[in-house]
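In terms of numbering that gives the first Met the number 0, the numbers along the sequence shown are unbroken and rise by one, the last being 149. Below is one structure; the comments refer to it alone.
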Amino acid sequence: MRPAIRPAVAKDLDALVALDRVCFGSSAWSSESWREEFARLETDRVVLVADEGRAVGYVVLLVPSVEDDPVELLRIAVDPAERRTGIGGQLMTAALQRCAGRTVLLEVAAGNKSAEALYRGFGFGEISRRRGYYAGGEDAVVMRWQEDHE
Numbered sequence: 000m001r002p003a004i005r006p007a008v009a010k011d012l013d014a015l016v017a018l019d020r021v022c023f024g025s026s027a028w029s030s031e032s033w034r035e036e037f038a039r040l041e042t043d044r045v046v047l048v049a050d051e052g053r054a055v056g057y058v059v060l061l062v063p064s065v066e067d068d069p070v071e072l073l074r075i076a077v078d079p080a081e082r083r084t085g086i087g088g089q090l091m092t093a094a095l096q097r098c099a100g101r102t103v104l105l106e107v108a109a110g111n112k113s114a115e116a117l118y119r120g121f122g123f124g125e126i127s128r129r130r131g132y133y134a135g136g137e138d139a140v141v142m143r144w145q146e147d148h149e
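If you want it as structure tokens, here you go:
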């Protein structure tokens, strides 16, 4: 059974903080950062949750009010026990549907080949690199999607 993809609600906060820690370890967002993201849900944030009776994945988007400004995919994660089951693809599909007609930007660690492959499969292309961006000197690959790339 595939999880339902739905907008996040306040009761998801603790589960997403915990899932973020599992997925990102020392690079996880703090509880305070997550509270700030949730506080912006009514303005410029979209948080979608993959729900199987518990949160098994999420995606966070920064959606500027100015239509010509690009959307930023800030974060996407899937519970390690649920990876390679299509949940990441479901989350990407739902996120890109929310961004119809807009450009979407993201960055991914150059060594995260599975995430980069997922993004390329959705039509994202590399537009630049940020050298030494991540801890340990790893590059960030900056990628762009536009609806006409589908």
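Glycine included, every Cβ here is placed at the ideal spot set by N, Cα and C. All values reported here derive from a predicted model rather than from experimental measurement.
With contacts defined by Cβ atoms closer than 7 Å, residue 121 and residue 142 do not form a contacting pair. Note: residue 57 is bridge-paired with 48 and 76 in the DSSP secondary-structure output.
Contact between residue 62 and residue 43 holds: their C-beta atoms lie close to 6 Å from each other, under 8 Å. With at least 16 other beta carbons inside 10 angstroms of its own, residue 89 counts as buried. Burial state of residue 23 is exposed, judged by a 10 Å Cβ sphere holding fewer than 16 other Cβ atoms. Under the three-state reduction of DSSP, residue 115 is assigned to helix.
Cβ-Cβ distances below 8 Å link residue 106 to 129, 132, 139, 140, 141 and 142 in the same chain, with the five nearest sequence neighbours on each side left out; the list follows chain order. Between residue 145 and the set 32, 68 and 59, the nearest pair of CA atoms involves 68.
The C-alpha of residue 125 is placed about 31 Å away from the C-alpha of residue 34.
Between residue 2 and residue 86 a beta carbon distance of about 6 Å is seen, short of the 8 Å cut, so the two are scored as contacting. For residue 140, the enclosing beta strand (DSSP E) starts and ends at 139-145. For residue 5, DSSP records a beta bridge to 48.
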